[in-house]
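Here the structure is laid out as C-alpha cells; the discussion comes afterwards.
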Amino acid sequence: MAELDRREFLKLVGTSAGAAAAAGCSDLPEKLIPYVVQPEEITPGLPVFYASTCQECSAGCGLHVRTREGRPIKLEGNPEHPVNRGKLCARGQAGLARTYHPDRYQRALERDASGQLAPVAWDQAIAKLAAAVGAARNRVAVLTSPVGPTLSGLLDSWLAATGGGTRVDYEPFAPEALRSLRHRLRDRFRLRRALHGALAGRARAPDLRGARRRAGVGPRRAPGLRRPAPRRDREPIRRVARAQAGHRGDPRTGDRARRGRRRERSRR
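This is the structure:
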C-alpha cells in the first residue's frame, strides 16, 4: 500500500471539510407547521378541545373532540351532556376512522364493465351522475343514515330539483319502540308533520304552547310545557347550551363550575 504523504493528507482533509460545509449550507425546504397563518386560539404542541355531537347512531351523544394543530386525534364523552353524561361507546370512539382509515374512499370511483371500482375524475363523475339522475326522474332513491335537519333539507331540495324521488333513512340500531309509538301517535292525533316531518328536518317544529294535548316520552320535556323538568336534568341542558358544536372548551371547566355551585349552596 502506497504511503500517504503530508501534502496528500491535507488535500483529502480540505476536500472533505469543504463538502461538509457545502452540504450544511444547502437551502432545503422544511415544513415546520401545517399552516402559514396560525389561528390565535391554537398553540403548537398544546391540545384544543371542541364540543360536538356524535353522528355514529341516532342517540346523539355529546362529545369532547381533542385536536392538535387543527386535526382531531381523540373523541371522548362530554360529562355535561344530558344524554351520555361523559360515556362514549366503542362505535363513537371509532368515529375518527371516517377521517383517517386507510381504506376510506379518497376520490371518485366508477364501476367498470368487469365490476371493479376504478378512479375517475370528479368532473366526469359528476357529469355522469347528473345525466343518470336526469334520465331516471322520479325513480331515484337516496339511502342515508339518519341525518340532521340541515342535510335533510338539502337532500329534499336536491330530490325536488331533479324531478322527485324517495328518501330512505336507514339505521341498524334504530329505537323501534319509540318509532312504533311515534307512528301510533301520528295516526291517532294526525300529527304527521309534528312527529315525522319536524323530527326529520322537513317541517318547522310545532307550536307546543298552543297545543291542547301534548305527549312526551322519557324524563326530558320539550320547551313550552308548564311543569318544570327535575333539577338534575335542567342543569346539564343549560350548561351544554353554552357548548354547542364548534365552541372551544376544556373538559375540566364543568367540574370547576359544579364545585363552585356546591360551595355557593353550602354558604346559603
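Position one of the sequence shown corresponds to residue 1 (our numbering), numbered consecutively onward.
Backbone N, C-alpha and C fix where the C-beta goes; we use that ideal spot for every residue, glycine too.
May I ask which residues mark the beginning and end of the alpha helix (DSSP H) holding Gly45?
If you number the sequence shown from 1, residue 45 lands on position 45. From DSSP, Gly45 is part of no alpha helix (DSSP H); its letter is neither H nor E.
Would Ala97 pass as a contact of Ala108 if the rule is Cβ separation under 7 Å?
Taking the first residue of the sequence shown as 1, we reach residue 97 at position 97. Taking the first residue of the sequence shown as 1, we reach residue 108 at position 108. Not closer than 7 Å, so no.
Shortest alpha-carbon distance to Thr166 belongs to which of Gly153, Val147, Asn78, Asn138?
To locate residue 166, count along the sequence shown from 1; it is residue 166. Thr166 has its Cα closest to that of Asn138, out of Gly153, Val147, Asn78, Asn138.
Three-state secondary structure assigned by DSSP to Thr162:
As a working mapping, residue 162 is identified with position 162 in the sequence shown. Of the three classes helix, strand and coil, the one that applies to Thr162 here is coil, per DSSP.
Between the C-alpha atoms of Pro119 and Ser152, what's the straight-line distance to the nearest angstrom?
Position 119 of the sequence shown, counted from the start, is the residue given in the question as residue 119. Position 152 of the sequence shown, counted from the start, is the residue given in the question as residue 152. Rounded to whole angstroms, Pro119 to Ser152 spans 28 Å at the Cα level.
CB-CB under 6 Å to Ser58, same chain, minus the five flanking residues each way: which ones, in chain order?
If you number the sequence shown from 1, residue 58 lands on position 58. Here the set comprises Pro146, Glu171.
Give the secondary structure of Ala51 by DSSP, where H, G and I count as helix, E and B as strand, and everything else as coil.
As a working mapping, residue 51 is identified with position 51 in the sequence shown. In the structure shown, Ala51 sits in a strand (DSSP, three-state: E or B).
Measuring only the C-alpha atoms, how far is Pro102 from Val83?
Counting from one through the sequence shown, the residue named residue 102 turns up at place 102. Counting from one through the sequence shown, the residue named residue 83 turns up at place 83. Cα-Cα distance, rounded: 32 Å.
Whole-angstrom distance between Glu40 and Leu155, CA atom to CA atom
Translated into positions along the sequence shown, residue 155 becomes position 155. Translated into positions along the sequence shown, residue 40 becomes position 40. Cα to Cα, Leu155 sits roughly 36 Å from Glu40.
Cβ separation of Gly45 and Cys61, assumed to be a contact under 8 Å, to the nearest whole Å:
Locating residue 45 in the sequence shown gives position 45, counting from the first residue. Locating residue 61 in the sequence shown gives position 61, counting from the first residue. Gly45 to Cys61, Cβ: 29 Å. No contact.
Check Ala127 in the structure and name its three-state DSSP category.
The sequence position of residue 127 within the sequence shown is 127, counting from 1. The answer is helix: DSSP assigns Ala127 an H, G or I state.
For my contact list, Cys54 and Gly92 are in at a C-beta cut-off of 8 Å; report their separation, rounded to the angstrom.
To locate residue 54, count along the sequence shown from 1; it is residue 54. To locate residue 92, count along the sequence shown from 1; it is residue 92. Between Gly92 and Cys54 the Cβ distance is about 5 Å, and since that is below 8 Å, they are a contact.
By Cβ distance below 8 Å, which residues in the same chain neighbour Ile42 in space, the five residues on each side in sequence not counted?
Here residue 42 refers to the residue found at position 42 of the sequence shown. Val48, Glu69, Gly70.
Alpha helix (DSSP H) segment containing Gly77, residue limits:
Numbered from its first residue, the sequence shown carries residue 77 at position 77. Looking at the DSSP string, Gly77 is not in any alpha helix (DSSP H); the run it does join, the beta strand (DSSP E), is 71–77.
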